[in-house]
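Enquirer: Residue numbers (mature numbering (1 follows the signal peptide of the UniProt record, and there is no 0)): -22 to -1, 1 to 939.
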């Protein structure tokens, strides 16, 4: 959590009024050349308020750097009892954090940590014990500085505060200690990882601890409006009139920021002081040791186990799922890399995935080369002696350093490991075998560091030995959110709405978010519903929380625990919970002992010619006649046979398209309400949770005119938002700007088998277009299907010549896109609906969340429920004539999401209802020709157009479903 002030820990043991009397103002002449420091120092002898004096002392290191040795020696020499600081008892400065007077007394008299444990129990004196642990960690880390005074002083400054180390403090340690002691840098780095940069709103829940209601209100206002620690502290003292003492409940909440919560804290704030995103990963550990260490790190972020965890688990082959998951949380794979000054061969790669393409990693690679030039590559568990890398294959070493820092990701393995053959090659030529340990060889070293040699699962260095060949056409694909332009407490979201007429706007929005726990750096959107592991450490036990307006997860509700110990037996083999596999053509997953498979129709290689002739590729072998029925889940099925095959009874569907009936006729709403059609396809069991196709809304008396979300009525008149449209008593045609091409009805058939009056309606419904005209045929949902009614469909030309297209299940026409077919858990969807006030889970819910994960504005997402109950996602270029680079970008976006699903990455599957995803199959479009010719598409406005060239949608996009 964000702490509003820093504490010079050894000052806390002294009486502040004594300090005023004994402080020699002559010390301040040491600060004459630094005006802010001199002014702060001079105030020490004049301030009469104890609380303000304490605050100034706490902030003094911010004004007067610890490099001002003469000043600090002078100040320290005037402090009563300062001579005790050298007695070796690192916990002395923590004693004032003790809550009970008896514990404070024993702490001050103790000569070691063990002397106070009898009276100062860990469970009741957590702030004290955590402070002592932190000081011990500081003694260990800073001891690596040896006789280098500046390095040691800057190191100690990190551990002399009870708040998050500041950016400037961390930067100073790196600057002064990088060349002196890599061990110190690593030790401090492991500590500061537990203290991410924080926002004031992370402390909002502390305001509830204030006794006075007016203080609670003032506290929330201050944390939301003020930014600097000084402003916040002054404001709290003025408004609440209380001293910042650890015994006060309000201040104890701030002071205890680095400590595990009490039982009452867990009950009121179940996700505080933990990292829920990383805790998701802990259950992927294959050894109890790494699982326990991961849980300790993720639930008690004041403990210092990062270094040990890295040594024990980071390079363990059996812990690859755990390590990859943690990497996803720390540094999610993102498309695009540019603007690097040292690792220039990684620039101009807009369709490749990287974890850490930024200036810091670029500088880190350069620093690595400098360190390696000393003749030794230091790893967490081994040192590798090398020859002079400035002479022995320097370009290869540069590629290694840059690859390990920039971290390319690949679809089948998102771990940042160079390929084994490259590792063996470079160590064979440049390893200093005279200094190898006995029995050590290049092959054995690489077997530990880089055991993989599949170029789809490791980083092939050859790719980065030369610059990208894309040249100046990279603007065809942009990445507005990479690097992240938003503050640390906000998420970056691609701007798909465009600009208002006559206004300029950015290609992204910064929107509020919540962290998955106090120690987490992973953010989710406000109002998002998130599945978070329970703190009790039991695998399979989760709660679903909502990201509230306060910036914290709240309204948590426990889910039924899942028995992850149960296995599935498939073909005589035992499958663990969460594992995915195939049975014939079916993708399957084992979930708590239950084998869940798709209902795809299979045709084996042994099938007879007659079997192949009769095979339609439709569920239950249904004939390919198109006689549509509307089921009560809101989905149109091509025939009653298919609907029955999907377990609908005859009284649960009616003949005709779902969109052909008016759900508001007769009106199901009360007299003072208006019925609005709200067509949706539900993924929950209709017997338990109905799927209404309408919404009853009150007749608005006024609307927020500043809220811009355009809506087009049936008269082709545009309104700023839906409320304004309803206020004018108009009927909604589609969401988005009115388009001239959609003034008249020109029916199109969507991939979901629905006929839409215009392409605008289809896109507004997040459905891509299959072909022009009304739906009158159904395509196969399996391979090797026989001829069908699609043979008579005139399909549009592909949007890009040379594109190898995909054909969505049940569709007739191919298109250039990336496609996912997702298997999901119906029982989990039912649980999520129950926890969400029995509201059904819909396909639109899925698309709305997944759309936030598409980082390239030149691609957009569409989807539907297939007739055999898989969720089909299409990631499609939005330009009318997309370039090969844009098609590749959309395919890479599909592969990125596919990997996140199949690896169970919490960056995706912690979101409800995406948590119910089991496994995914991906199909992508590629371009037959090689190379990317220069294109003028980079100057085009973003448009929304699929394989059909039906309509040019000028910015902004049609649909904001």
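Every residue, glycine too, gets a C-beta built ideally from N, C-alpha and C.
1. Alpha carbon to alpha carbon, how far is residue 606 from residue 652? Give it in angstroms, no decimals.
2. Please confirm if residue 511 has its CB atom under 8 Å from at least one CB of chain C.
3. Do residue 748 and residue 790 count as a contact pair if the criterion is CB distance below 8 Å?
4. Considering residue 850, what are the terminal residues of the beta strand (DSSP E) in which it resides?
5. Determine the direct distance from the alpha carbon of residue 880 to that of residue 753, and round the result to whole angstroms.
6. Distance check for residue 697 and residue 677, CA to CA, integer angstroms please.
7. If you draw a straight line from the C-alpha of residue 298 to the C-alpha of residue 304, how long is it?
8. At the level of alpha carbons, what is the spacing between residue 538 and residue 301?
9. Could you tell me the alpha carbon to alpha carbon distance between residue 485 and residue 288, rounded to whole angstroms?
10. Note down the Cα distance separating residue 897 from residue 555, rounded to an integer number of angstroms.
11. What would DSSP say about residue 832, mapped onto helix, strand or coil?
12. What would DSSP say about residue 164, mapped onto helix, strand or coil?
13. If you count every other CB in all the chains shown that lies within 10 Å of the CB of residue 782, and 16 or more means buried, which is it?
14. Can you tell me the Cα-Cα spacing of residue 57 and residue 273, whole angstroms?
15. Using only the heavy atoms of the ligand ATP, determine whether one of them is closer than 7 Å to the beta carbon of residue 780.
16. Taking DSSP's pairing of strands, which residues face residue 652 in a bridge?
17. Of the choices 589, 363, 581 and 707, whose alpha-carbon is the least far from that of residue 680?
18. Might you give, ordered along the chain, the residues of its own chain that have their beta carbon closer than 8 Å to the beta carbon of residue 671, omitting 5 neighbours on each side?
19. Within 10 Å of its beta-carbon, does residue 336 have 16 or more other beta-carbons around it, so buried, or fewer, so exposed?
20. In the stretch 338 to 414, which residue ranges form an unbroken alpha helix (DSSP H) of at least 4 residues, counting only runs that do not cross its ends?
21. Over what stretch of residues does the alpha helix (DSSP H) that includes residue 258 continue unbroken?
22. Under 8 Å between the Cβ atoms of residue 498 and residue 253?
23. Count the other C-beta atoms from every protein chain shown that fall within 10 angstroms of the C-beta of residue 394, then say buried if there are 16 or more, exposed otherwise.
24. Mapping DSSP to helix, strand and coil, what is residue 277?
25. Excluding the 5 residues flanking residue 473 on each side, which residues of the same chain have their C-beta closer than 6 Å to its C-beta?
26. Would you identify the three-state DSSP class for residue 889, choosing helix, strand or coil?
27. Would residue 255 and residue 494 be called neighbours here (beta carbons separated by less than 8 Å)?
28. For the stretch 109 to 120 and the stretch 158 to 167, state whether three or more C-beta atom pairs, one from each stretch, are separated by less than 8 Å.
29. When you compare the CB positions of residue 729 and residue 688, do they come within less than 8 Å of one another, or not?
30. May I ask you to report which of helix, strand or coil DSSP gives residue 750?
31. Under DSSP, the alpha helix (DSSP H) around residue 132 begins and ends at which residues?
32. DSSP three-state call for residue 213: helix, strand or coil?
33. Could you give the distance in angstroms between the alpha-carbon of residue 568 and the alpha-carbon of residue 496?
34. Take every Cβ of the stretch 459 to 475, pair it with every Cβ of the stretch 425 to 444, and state whether three or more of those distances are shorter than 8 Å.
35. For my contact list, residue 147 and residue 136 are in at a C-beta cut-off of 8 Å; report their separation, rounded to the angstrom.
36. Can you tell which of 905, 693, 684 and 717 has the C-alpha that lies nearest to the C-alpha of residue 701?
Expert: Once the coordinates are examined:
1. 30 Å
2. Within the model displayed, chain C is absent; a lone protein chain is all it includes.
3. yes
4. 849 to 855
5. 34 Å
6. 16 Å
7. 10 Å
8. 27 Å
9. 38 Å
10. 13 Å
11. coil
12. helix
13. exposed
14. In this prediction, residue 57 scores a pLDDT of 43, lower than 50, which makes its location untrustworthy; no coordinate-derived value is stated.
15. Of the ligands one can find in the structure shown there are none, so the ligand ATP has no counterpart to examine.
16. 675
17. 707
18. 612, 636, 641, 655, 656, 657 and 658
19. buried
20. 372 to 384 and 398 to 408
21. 254 to 260
22. yes
23. buried
24. helix
25. 485, 486 and 487
26. strand
27. yes
28. yes
29. no
30. strand
31. 127 to 137
32. helix
33. 33 Å
34. no
35. 6 Å
36. 684
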